[in-house]
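Asks: In our numbering, the protein residues as written are 214 to 800.
Questions regarding the structure given below will be posed in turn.
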Amino acid sequence: MEFLIAGDSTLVVRFGNEISEEVNQKVRSFRLATEKRKVKGLIELVPTYCTVYVFYDPLVISTNAIIKELKAIGEEASEDLLPEPNIVEVPVAYGGEHGPDIENVAKAHDLTVEEVIKRHSGTDYLVYMLGFTPGFTFCGGLGDDLATPRIKDPRLKVPAGSVGIAGKQTGLYAISSPGGWQLIGRTTMRFYNPELDPPCPVKAGDYVRFVPISAEEFEKKRGDVEAADNPPDYSNWNPEGEVVFKVVTPGALSCIQDKGRYGYQELGISASGAMDELAFRLANRIVGNDDNSPALEITMVGPKLEVVRETLVSVTGADLSFAVNGEIAPLYTAIKLNPGDVVTFGPTKKGMFSYIAINGGFSIPMVMGSASTGLKGQIGGYKGRKLGKGDVLKSTAKSIPEVFVGYSVDPNEFKFGSKNGVYRVILGPEDDYFTEKGIETFLNSEYSLSDKSDRMGARLDGPEIEHNDKGAGIVSDGITMGAIQVPAQGYPIVLLKDRGTVGGYTKIGTLCTLDVFRFGQNKPGDKAKFEQISLEEAQDLLKQMEYKISKVGTKQKILAATGAKDGDMLRVVIGNSSYDVFVEEID
C-alpha cells in the first residue's frame, strides 16, 4: 500500500500497478473498511483498478493524520468484508450496425465473427470500476485471444449501450460519448438512469455475463437503452417559492451551480459545481446566504433578466458589464432590485465566469445531494440544462435583509499572494513518469489556453513536456480537480469541474485549490505559467482563504438575526451567565 499526493485535498492509495483481480480485491476491501470507519474529514472515496482516491478536508484533518488512519485501516482490511458478487446478465446484439469493429477483432486473431461472439459471451467479467462518463463500466478478464488495441481514430460519438474492447478490457458505454474502443455489439440494457437509486445497475465487484441476442430482439427494446441519452422526466418539476427573474435572453451558457455533487464519482458522475468557487461563495455571502446556496453561473456572454419580485442581488467573478436598467452596476456589492427592473450583461471584459446570487438563494430541487447542473448527465440545476428564453427562477425568501443592502467586499483582498498568469502547483501523483527535462519544461515555460477548452478541462498550447521510458499511459485512474494530465503528445490539460472521473494519462501535477478557481477564469489565448509549491504551502493558502471567506457578511448576519443596529449593545446568555457585548468586526 503506497500513498501519493494529488493536490492539497486528495490522496491516492495505490495497491499495485496492473489490472488484476487480486489487486482490485484489495482496492474494494480497503474502500469498504474505510467507509465503515467513518474517518473524520473524509469527503469521498473513488475506487479504480489499482487505487482508491481519497478526497478529504485538510482543514478538518491533517494529511499526516489521515494517512496514519488509512494505514491502520489498510492493515485491518480483509477480503472477508466483500459481499457476494452479483452476476448481471447483459443482452447484446453482436456485429452489424451495433458492432462495426467486430470483424477487425476477428481478423486480428484469425477468428470468425461467430467465434468472437462465442468467446466474448462465454466468460463472466469482473466489474473493476465505473467512471469516465456516468455508468461507463470497465470490465477485466478478457483473454489474449480477444484482446485488441483501441482504434487509431476515436469516434466523436459512440451510441449508448455499445459494448467494446480495449486491450484486455471489455466494457459498456452507458451514455453516448466520444470513444476509441473496438465496438463489437450493443446492449438493450440501460446502464445509467439518474431517476433510480442507485442510478447504475452494476457496481465494482459485480460480474457481467454477456448474452447474445438477435438484431430483431434488439430492435424490440432499442428504446430502453436509447433513453439513457434523454433527460430525466421533468414534467412535475416545479420548485417552491415565487418567481424572482424571468429570462428574456439566456446568454451563452447560464446554469445553476453550487459547490458540487459529491459521493457519486465512483459511478462516473462528475462533481460539477461552480468553476470559480471563490467568486461563487462571495456572491452568496454578500447577500447573507450560506456559502452553498444555489446561484446562477454565466459564461462569457450573460443573460437579460426581467425582475418580477423584489430581491437583493450580488454579482461576482468575471466582468461582463453587469447593468441594471442600462446603468453599469458595481460588482461584489449587494444591490436591491425592484419589480420591472431589467438586469443585463455584455460580453466579457475580463474572465470567463460570473455569478449571480440572490438573498435566500434560487429555489432548485436537490438531485443526488446537490443543486449543481451536471450537463453531461443532464441532472440538477434547471431541469438538468442551461437556461433558455422564457425560463423563470424562483426563491423562497420572504423578505430582504436590509442590513445587507449596499454591503460590498474588495476582491483584491482575496488574491492570497497570487500573481497574474502564474498558477501554483504540487507535483504528482505521476511526476515520476517524466524526465528531469520534462519537469523543467513544465515549470519554466509559458503556455496559452487553446480554444478547445470547456468546463471539463483546459487544453494548453506550448512546449512539449517529455515523458521518460515509462511512457504517457497509466492504468486508468482517478482524477482530482486541478489535475494536470499530459498525454503522449506532450501538451498539458488542466482538468476542471466537469472532468471525467477517471483517465488513463499521466498527471504531472495538481493546482492548489485556490488557483483552480483562478485558472477557471482564463479565456482562450490567455497565458499561463506554473510554479511549484509544497503541500504545506498549498494547504496554508486554503486555510487563509477559508478564514477570509468566513468573515464576509458575518457581522451583517448577526445584526439581521437580532434586529440590532451597528453599534448597539447585545446581551448574550451562555448557561447561567449573561454578557453585554458590542458587535464589532475584528481583523
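Every residue gets a Cβ at the ideal spot worked out from N, C-alpha and C, and that includes glycine.
Among the residues of its own chain, which have a CB less than 7 Å from the CB of VAL326, if the five just before and after it don't count?
Replies: The residues are GLY308, ILE315, GLU316 and ALA319.
Asks: Which ranges would you report for the beta strand (DSSP E) in the segment 386–435 if only whole runs of at least 3 residues count?
Replies: You should have 390–392, 395–400 and 420–426.
Asks: So for SER763, helix, strand or coil by DSSP?
Replies: Looking at SER763 - three-state DSSP - the assignment turns out to be helix.
Asks: Quick check: what's the CA-CA separation for GLY559 versus SER534?
Replies: Cα to Cα, the separation comes out at about 5 Å.
Asks: Tell me whether the segment 423–441 and the segment 530–546 touch, counting them as touching only if at least three CB pairs, one residue from each stretch, are closer than 8 Å.
Replies: No, the segment 423–441 is not in contact with the segment 530–546.
Asks: Taking GLU519 and LYS459 to be in contact with their CB atoms under 8 Å, please state how far apart those CB atoms are, rounded to whole angstroms.
Replies: 4 Å between Cβ atoms; contact.
Asks: Does the beta-carbon distance from ALA387 to ALA440 come in below 8 Å?
Replies: Against a cut-off of 8 Å, the Cβ pair of ALA440 and ALA387 comes out as no contact.
Asks: Whose C-alpha, out of VAL340, ASP667, SER583 and VAL616, is nearest the C-alpha of PRO737?
Replies: When each option's Cα is compared against that of PRO737, the closest is ASP667.
Asks: Less than 7 Å between C-beta atoms, sequence neighbours within five positions excluded: which residues of the same chain meet that for PRO624?
Replies: Within the same chain, PRO624 has close Cβ partners TYR545.
Asks: Touch check for the segment 767–774 and the segment 687–701: three-plus C-beta pairs under 8 Å?
Replies: The segment 767–774 vs the segment 687–701: no contact.
Asks: Between which two residues does the alpha helix (DSSP H) harbouring PHE243 extend?
Replies: Here the alpha helix (DSSP H) through PHE243 covers 234–250.
Asks: Using the rule of at least 16 other Cβ atoms within 10 Å of the residue's Cβ for burial, across every protein chain shown, is THR648 buried or exposed?
Replies: Counting Cβ neighbours within 10 Å, THR648 comes out exposed, since fewer than 16 surround it.
Asks: Kindly indicate the opening and closing residues of the alpha helix (DSSP H) around THR654.
Replies: 649–657 is the span of the alpha helix (DSSP H), which, as asked, contains THR654.
Asks: I need the boundaries of the alpha helix (DSSP H) containing LEU518, first residue and last residue.
Replies: Run containing LEU518: none in the alpha helix (DSSP H); it sits in the beta strand (DSSP E), 517–520.
Asks: Using a threshold of 8 Å, state whether the C-beta atoms of LEU724 and ARG637 are closer than that.
Replies: Taking 8 Å as the Cβ cut-off, LEU724 and ARG637 qualify as a contacting pair.
Asks: Output the distance between the C-alpha atoms of LEU224 and SER585, rounded to the nearest integer angstrom.
Replies: Taking the straight line from one Cα to the other gives about 25 Å.
Asks: Just mark ASP489 as buried or exposed, buried being the case when its beta carbon has 16 or more other beta carbons within 10 Å.
Replies: Burial call: buried.
Asks: In the DSSP assignment, find the unbroken beta strand (DSSP E) run with THR346 in it and report its ends.
Replies: Neither: THR346 is in no beta strand (DSSP E) and is coded neither H nor E.
Asks: Using a 10 Å radius around the Cβ and a threshold of 16 neighbouring Cβ atoms, would you call ALA428 buried or exposed?
Replies: With fewer than 16 Cβ atoms within 10 Å of its Cβ, ALA428 is classed as exposed.
Asks: Give every residue of the same chain whose Cβ lies closer than 8 Å to the Cβ of SER506, excluding the five residues on either side of it in the sequence, and list them in chain order.
Replies: Cβ neighbours of SER506 beyond the five flanking positions: ASP471, ASN497, ALA570, GLY573, GLY574 and PHE575.
Asks: Any idea what DSSP makes of ALA536, helix, strand or coil?
Replies: DSSP places ALA536 in strand when its eight states are reduced to three.
Asks: From what residue to what residue does the beta strand (DSSP E) around ILE569 run?
Replies: Counting along the chain, the beta strand (DSSP E) containing ILE569 begins and ends at 563–571.
Asks: Within this structure, are the beta carbons of VAL424 and GLU302 separated by less than 8 Å?
Replies: Yes. Within cutoff.
Asks: Between the C-alpha atoms of SER763 and GLU749, what's the straight-line distance to the nearest angstrom?
Replies: Taking the straight line joining both Cα atoms gives about 21 Å.
Asks: I need the DSSP call for HIS333, collapsed to helix, strand or coil.
Replies: It is helical.
Asks: Going by alpha carbons, who is nearest to LEU727 out of GLY220, PHE216, PRO414 and TYR447?
Replies: The shortest Cα separation from LEU727 among GLY220, PHE216, PRO414 and TYR447 belongs to GLY220.
Asks: Roughly how many angstroms lie between the CA atoms of LEU283 and ALA487, to the nearest whole one?
Replies: Rounded to the nearest angstrom, the two C-alpha atoms are 30 Å apart.
Asks: Tell me which residue opens and which closes the beta strand (DSSP E) that PHE617 is part of.
Replies: Looking at the DSSP string, PHE617 is not in any beta strand (DSSP E), and its letter there is neither H nor E.
Asks: Among ILE364, PRO304 and ASP293, which has the Cα closest to the Cα of GLY335?
Replies: Nearest option by C-alpha distance: PRO304.
Asks: At the level of alpha carbons, what is the spacing between GLU297 and ARG368?
Replies: Cα-Cα distance, rounded: 37 Å.
Asks: May I ask you to list the residues that DSSP assigns as paired with ARG368?
Replies: Answer is GLY392, bridged to ARG368.
Asks: Quick one: grab the DSSP three-state call for THR719.
Replies: In the structure shown, THR719 sits in coil (DSSP, three-state: anything other than H, G, I, E or B).
Asks: So what does DSSP say about TYR636, is it helix, strand or coil?
Replies: TYR636: strand per DSSP, three-state reduction.
Asks: To the nearest angstrom, how far is the alpha carbon of THR609 from that of GLU615?
Replies: Cα-Cα distance, rounded: 17 Å.
Asks: When you compare only the Cα positions, how much space is there between GLU523 and GLY481?
Replies: Each residue's Cα considered, the two are about 40 Å apart.
Asks: Rounded to the nearest angstrom, what separates ASN502 and ALA508 at their Cα positions?
Replies: Roughly 10 Å separates the two Cα atoms.
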